[in-house]
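Take a look at the structure below.
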Amino acid sequence: MKLTRRYRFSASHRLDTPALSAEQNSKLYGKCNNPYGHGHDYVLDVTVAGSPDESGQIVGRETLDTLVKERVLARFDHRNLNTDIAELTGVVATTENLAVTIEKTLADGWPLRARLDRVRISETERNIFELRVK
Amino acid sequence: MLLTRKAEFSASHVCANPAWTEERNHAVYGANANPNGHGHNYVLEVTIEGEPDAVTGMVFDLRELKEILNQEVVEPMDHRFLNREVQPFDRVVPTTENVAMEIWRRLTGRISRDGVKLRNVRLYETGDLFVDYGGAL
Numbered sequence: 001m002k003l004t005r006r007y008r009f010s011a012s013h014r015l016d017t018p019a020l021s022a023e024q025n026s027k028l029y030g031k032c033n034n035p036y037g038h039g040h041d042y043v044l045d046v047t048v049a050g051s052p053d054e055s056g057q058i059v060g061r062e063t064l065d066t067l068v069k070e071r072v073l074a075r076f077d078h079r080n081l082n083t084d085i086a087e088l089t090g091v092v093a094t095t096e097n098l099a100v101t102i103e104k105t106l107a108d109g110w111p112l113r114a115r116l117d118r119v120r121i122s123e124t125e126r127n128i129f130e131l132r133v134k
Numbered sequence: 135m136l137l138t139r140k141a142e143f144s145a146s147h148v149c150a151n152p153a154w155t156e157e158r159n160h161a162v163y164g165a166n167a168n169p170n171g172h173g174h175n176y177v178l179e180v181t182i183e184g185e186p187d188a189v190t191g192m193v194f195d196l197r198e199l200k201e202i203l204n205q206e207v208v209e210p211m212d213h214r215f216l217n218r219e220v221q222p223f224d225r226v227v228p229t230t231e232n233v234a235m236e237i238w239r240r241l242t243g244r245i246s247r248d249g250v251k252l253r254n255v256r257l258y259e260t261g262d263l264f265v266d267y268g269g270a271l
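Chains A and B are the protein sequences, given in the same order.
Using the numbering used here, the letters of the first sequence correspond one by one to residues 1 to 134.
Using the numbering used here, the letters of the second sequence correspond one by one to residues 135 to 271.
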């Protein structure tokens, strides 16, 4: 059985890799390469798997909320992903790389009985990235 | 092939274990334990697995599925206080997990037949919280 909880955070980023020239970056990333950056209202779905405990819950809502708020929302909300997030320094702040970073942030030392199953991030309603946790 | 049908119902509930103190219930369930109840607009997505019938071209007759969902879920649960009006929630705490499992129990025997099985019940308590149950924990 799985339970999915939705969270939101807003952040800015710019897609640019030092491996390519300014012209190549502009061609590859388009508007996402605009030098001053831009932002999104990201939607983060965290899925946990397990069986309900004696309370009839896979996980306590406040327990999960507190964990995600402390580890993810407090660090990523209203931040510049390129400059404010250490793991994304030197890494292109695509939502693929953001998903990997958030999955690692949650999975390392995961303290709950329920298993972390999936991380899904919508950059916009049209672009959605999903990671199954191994 | 997978086929998913959606249904909605609005209901109130309280999440509290009568064997526990009010203090413990609030520690475990938060505001969901407030004694007089509160409500949600539940959204149910029922997914069925099968192959399209050679004659009808359908995995499952959607009119029949709508009627099953109405009889087993919407009519008994819509605009009801789950703890007081819908069994087994007089005895079982109506968490989203337990409501999803109860919906599975009500539907599986009516939907499963030769070449067709109930694959998943997804129950949204709100747009920000849902549970998936596929018959096993």
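Ideal Cβ positions, reconstructed from N, Cα and C, are used throughout, including at glycine.
The structure displayed is predicted, hence computed values, not measured ones.
Nearest to residue i (by Cα), restricted to the options the options
| i | options | result |
| --- | --- | --- |
| A/D117 | A/V59, A/A93, A/R79, A/A74 | A/V59 |
| A/R132 | A/D41, A/V48, A/L15, A/Y36 | A/V48 |
| B/P152 | B/G261, B/D248, B/P228, B/R253 | B/P228 |
| A/T63 | B/S146, B/D212, B/G164 | B/G164 |
| B/G105 | A/I121, A/G37, A/D45, A/K31 | Residue 105 of chain B cannot be examined here, being either before or after the span of chain B that is shown, 135 to 271. |
| B/V162 | A/K134, A/M1, A/G56 | A/G56 |
| A/G30 | A/A93, A/R126, A/L15, A/E96 | A/L15 |
| B/W154 | A/A86, A/E54, A/L3 | A/E54 |
| B/N172 | B/I237, B/H147, B/K200, B/D195 | The amino acid occupying residue 172 of chain B in the given sequence is His; Asn does not appear at that position. Looking at the Cα atoms, B/H147 is the closest of the given residues. |
| A/R61 | A/L3, A/N25, A/N80 | A/L3 |
| B/N170 | B/L216, B/P222, B/I182, B/T242 | B/L216 |
| B/G184 | B/D195, B/Y267, B/N175 | B/D195 |
| B/G290 | B/I182, B/I237, B/D212 | Since the displayed chain B opens at 135 and closes at 271, residue 290 of chain B lies outside it and no answer follows. |
| B/E206 | B/S144, B/L271, B/R244 | B/R244 |
| A/P18 | A/G39, A/D108, A/A93, A/A114 | A/A93 |
| B/A234 | B/E198, B/F264, B/S246 | B/F264 |
| A/T124 | A/E23, A/V43, A/H13, A/N33 | A/V43 |
| B/N254 | B/S246, B/L271, B/Y267 | B/Y267 |
| A/K69 | A/I102, A/A86, A/G90 | A/I102 |
| A/Y36 | A/N80, A/R71, A/D65 | A/N80 |
Proximity test, Cβ basis, 8 angstroms: residue i and chain B
| i | result |
| --- | --- |
| A/L88 | no |
| A/K69 | no |
| A/K58 | Just to set this straight, residue 58 of chain A is Ile in the shown sequence, not Lys. So yes, A/I58 belongs to the interface. |
| A/T4 | yes |
| A/S26 | no |
| A/S55 | yes |
Other residues of its chain near residue i: CB distance less than 8 angstroms, five sequence neighbours each side excluded
| i | result |
| --- | --- |
| A/L67 | L106, P111, L112 |
| A/H78 | F9, S10, A11 |
| B/P186 | M135, M192, V193 |
Cutoff 8 angstroms: residue i Cβ touching any chain A Cβ
| i | result |
| --- | --- |
| B/Y267 | yes |
| B/N170 | no |
| B/N151 | yes |
Chain-order list of residues whose beta-carbon lies under 7 angstroms from that of residue i (same chain, five-residue window excluded)
| i | result |
| --- | --- |
| A/L28 | L20 |
| A/L73 | Y7, F9 |
| B/N159 | A150, N151, A167 |
Contact set between residue i and chain A, taken where Cβ atoms lie within less than 8 angstroms
| i | result |
| --- | --- |
| B/D224 | Near B/D224 there are no residues of chain A at all, since even the closest Cβ is about 14 angstroms away, more than 8 angstroms. |
Beta-carbon proximity list for residue i, same chain, < 6 angstroms, skipping 5 on both sides
| i | result |
| --- | --- |
| B/L203 | A141 |
| B/E179 | T138, K140, R256 |
| B/T242 | L252 |
Contact set between residue i and chain B, taken where Cβ atoms lie within less than 8 angstroms
| i | result |
| --- | --- |
| A/E62 | G164 |
Contacts that residue i makes with chain A (C-beta to C-beta distance below 7 angstroms)
| i | result |
| --- | --- |
| B/E183 | The contacting residues do not exist; B/E183 stays about 17 angstroms from chain A at best. |
| B/D262 | R5, R6 |
Contact set between residue i and chain B, taken where Cβ atoms lie within less than 9 angstroms
| i | result |
| --- | --- |
| A/P52 | T229, E231, N232, M235, L271 |
Residue i beta carbon near the ligand ADP (any heavy atom closer than 7 angstroms)
| i | result |
| --- | --- |
| B/I237 | Among the ligands in the structure shown, none appear at all, so the ligand ADP cannot be discussed. |
query: Residue ranges of each alpha helix (DSSP H) run of no fewer than 4 residues wholly in the stretch 223–271 of chain B, ordered along the chain?
result: 230–245
- request: Entirely within the stretch 1–27 of chain A and at least 3 residues each: give me those beta strand (DSSP E) ranges in chain order.
  value: Entirely contained in the stretch 1–27 of chain A, the beta strand (DSSP E) runs reaching 3 residues are, in chain order, 2–13.
For a minimum of 3 consecutive residues, which ranges assigned as the beta strand (DSSP E) are wholly contained in the stretch 148–183 of chain B?
172–183
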